[in-house]
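A short worksheet on the structure shown next.
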Amino acid sequence: MKTCYTLLFILAFSASGFAQNYYISNTSVGANDANPGTIASPWKSFTPLNALLKTTNPIDTIFLRSGDVFRDHIDVANRKNIVITSYGSGAKPVISGTEKVSGWTSFKNYYRAAVTGSVSHFFSQGHEQIVARYQDRGAYLTVDMADNNSLQDNDLSAISTAVLNRSQVCVHTAQWCWEKSKIASATSNRINYATPTLREPTAGYGYFLYGDTSFLNIDGEYVWDSIGGYLYFMPPGGMNPNALNCEVSVREFGISMLTFAQNISISNISFFGQSEAGITAPFSGNTGLKVTNCEFKGQYKYGIELQCKYAEVSNCYFREVDAFGIFMHNTAFGCKIHHNTFRNNGAIRNSGIGQEINLTSIKGAFVDSCHVHHNDIDSAGYCGISMDGKYNLIERNIVKHAMLYNNDGAALKSFGIGSAYTIFRNNIVSESDGNTEGTPNGPHFVTPAIYFDFSTNHCIIENNTIYNMSQKGIFLNASTNNNTVTGNVIHGLNFGIDFNGAPNPNIMNYQNMTGMRVTGNSIFAVSSSSYILRMLDNTGNYSNGTIDSNYYFQPYDANHYVLEPPSTNESFDSWKNVSGHDLHTKSAFVQWTNGTHFDTLFVNPTDNEITVNLPNSPYRYLDLDSTEICGSFVLKPYTSRILLLTNTTCEVGIERIEEFGNLVVYPNPAHESIHWNNAGESVGYLICDLYGRFLINGKSDRGLNVVYVEDFVPGIYFIRFENGGVQRFLVN
């Protein structure tokens, strides 16, 4: 009867031809699907809404009541110009892909509950739980031999064939991916996959089994038995799960646009626990989607999936999404992803899509003309932002704690010959060193902050800041060509910029690394073991392009400017002579002992110019051009600057001494001696280093004065005269 009433209402309304607003609440008194859907008489579920959406009747706005939870989904296929938002006060309304689990009974040393339908993942107290595995978290079995369809491991003989055949397997098939499959069949030392892997793991790679109740031994683990229809759970601290909020994911989407939809606007909605995506727009015919101020949590694959044109996602919050917070792919064009927050996405190795590129916060798979900016990303299993395609702009994003489960990838990454004319600029990257768990012993891929992978071309890495990392700053892999790396600040790391100059014959249309332009970068080592550059596989030449006019600071070891594997070290002068590069690059003008430092990295992660009030006032700082800075300085938005603290105070002037006939110290820089002409009376002087330590004292007589400095450590020095005047000079 309710269905007939709803259909009659729709038919009656269609005669009016006027667009309407509709209200839905499952907690309001009197809410009923037979109501007209007004604010006074709202619908109780999405059923009449989805029926209306299948007609051609116009709809303006769909309002979901704040604080309500809707265990359903909305399909806006073949619709346009519709707004979906909230009304009322309180928390955002939730579109949930889950159903509650109750009726838990004690079973062996855990609990079980009967569940109908298909379950993709399980939540307790709003957080996704881990499928029981063997070996336990942090430990792995080891591949003896493998191909795309199977693996062999003699240690499997300790596990019964029956258990193996009830389990699934997750294999670290390469340093950049974990792949998963059901087990089709097994013997005492062999597993045959139900789904072939993309990569063949070599001997020594790790894997684990999961999904059998015999593996249940850690609080928070669960197993879903699809054949028996039971969910098994070991709750934390032996709690009775009937006292917990337990939910299983049973719905694919929250809002779907599985065919053509245009100008759909979604705002102020929370999406939780869908098995595919909170929002999906997977066709090129979908255009103009706008998602604002929404929340996404616990989706098994995607918070938002976009294969559409001119979508915009802004001011949204993505957390604990398993595969990708946002996934743009194929025909996605002109999308804008900005001012979003991402936290702890891609946190489960055997979840998500279970293949390559999995566990990434923002992924663009060969998309065109997309703008990704002002996103704040913290904690991603794989890349923070991975953008493949053309004419994309990635700027003013903050990424830290990426690469938590893989080591071959980066916080910011682009791959392939199809990636061209893309710009990464003014991004801030930190603490994304990679994870080598489950990889063989021996040399590993060294994780960079920014990575141009095979054949990426005509792209720009500009004015980014990289700090608080121990691995690698920027990596330009084999066959990358005609890219520009300029104005970046790289503070610390084992290698500032890494060049792989050789072509890669395994890549279609491969070529040598050519046409690169690497200029204006500031690379600052923070230990004696760090290198400014690494030149890998240069095939006997350095014809990469132009490398010049940078700032290279290795203040701890003058022979650690360039590493050419396996073990050739180059000093800065040697590097210039051998390569012909960096003829106008400035190197360290200080020399420190390991463990001491006087440098500070100042970072501005905001859209406004800021005035930095320098600490340690009234002491003077120097920039990498050895320009003095006192008191404060202005830092532009999303930029950084490295300054060196001295022991000289700002009150001591550095002006030339007018009383002594415009005295000038020369040559400057000096190598063996310095000279000056004194046209006035004799006066005493002191020479001190950058840190205020006095080295020489004497008297400046009328006429020519000479002081020998060949034993001075390269760096900046000051002559202080009795009358208060100071002259600065450089020894190289």
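Position one of the sequence shown corresponds to residue 4 (the working numbering), numbered consecutively onward.
Glycine included, every Cβ here is placed at the ideal spot set by N, Cα and C.
Helix, strand or coil: how does DSSP classify G718 here? strand
From L536 to L566, what does the alpha carbon distance come to, in whole angstroms? 6 Å
Between which two residues does the beta strand (DSSP E) containing N112 stretch? Counting along the chain, N112 falls outside any beta strand (DSSP E), and DSSP gives it neither H nor E.
Collapsed DSSP secondary structure at F448 in the structure displayed: coil
Can you give the Cα-Cα distance for E658 and V716, rounded to whole angstroms? Confidence at E658 is low in this model, with a pLDDT of 37, below 50, so the placement of that residue is unreliable and no value is reported for it.
Can you give me the start and stop residues for the beta strand (DSSP E) that A264 sits inside? 264-270
Since F478 sits in a beta bridge, which residues does DSSP pair it with? Y454, D501
Could you tell me whether the Cβ atoms of P96 and S127 are closer together than 7 Å? no
Give me whichever residues DSSP pairs with V637 in a beta bridge. T614
Backbone CA spacing between P3 and A682 [nearest angstrom]: Absent from the structure is residue 3, since the part of the chain shown begins at 4 and ends at 735.
CB V712 to CB V729, shorter than 7 Å? no
Kindly indicate which three-state DSSP category V581 falls into: helix, strand or coil? helix
Quick one: any contact between the region 585-599 and the region 611-620, if contact means 3 or more CB pairs under 8 Å? no
What did DSSP end up calling N245 once you bin it into helix, strand or coil? helix
Three or more C-beta pairs below 8 Å linking the region 258-274 and the region 238-249: no
For Q310, which residues in the same chain have their Cβ closer than 8 Å to its Cβ, ignoring the five residues on either side in sequence? A284, P285, F286, S287, N289, M331, H332, N333, T334, A335
Rounded separation between I677 and P670 - CA only: 6 Å
Spatial distance of I700 from D714 (CA atoms): Rather than Ile, the amino acid found at residue 700 in this sequence is Asn. The alpha-carbon atoms of N700 and D714 are separated by roughly 16 Å.
Bridge partners - T101, DSSP secondary structure assignment: S252
Does the beta-carbon distance from Y196 to N152 come in below 7 Å? yes
Mapping the DSSP letters down to three states, classify A142 as helix, strand or coil. coil
Quick check: the Cα distance between I258 and V79, rounded to an integer number of angstroms? 7 Å
G231 (DSSP reduced to helix, strand or coil): coil
From which residue to which residue does the alpha helix (DSSP H) around N195 run? Run containing N195: none in the alpha helix (DSSP H); it sits in the beta strand (DSSP E), 193-196.
Option in E434, S473, Y564, N438 with minimal Cα separation from W181: N438
DSSP three-state call for L733: helix, strand or coil? strand
Evaluate R140 with the Cβ neighbour count: other Cβ atoms within 10 Å of its Cβ, from every protein chain shown; 16 or more gives buried, anything less gives exposed. exposed
Should S160 go down as buried or exposed, given a rule of 16 or more other Cβ atoms within 10 Å for buried? exposed
To the nearest angstrom, report how far apart Q277 and I351 are at their CA atoms. 16 Å
Cβ pair I65, P45 closer than 7 Å: no
Just curious, the alpha helix (DSSP H) that V606 is in, first and last residue? No alpha helix (DSSP H) holds V606; the beta strand (DSSP E) holding it covers 602-607.
Give me the residue from R202, R169, H175 with the minimum Cα distance to I186. R169
Does DSSP classify G240 as helix, strand or coil? helix
Is it the case that the CB of A414 approaches a heavy atom of the ligand NAD more closely than 6 Å? Looking at this structure, you won't find the ligand NAD or any other ligand, since it has none at all.
If I'm right that W107 touches N245 with Cβ under 8 Å, what's the distance once you round it to whole angstroms? 5 Å
Helix, strand or coil at F575 [DSSP, three-state]: helix
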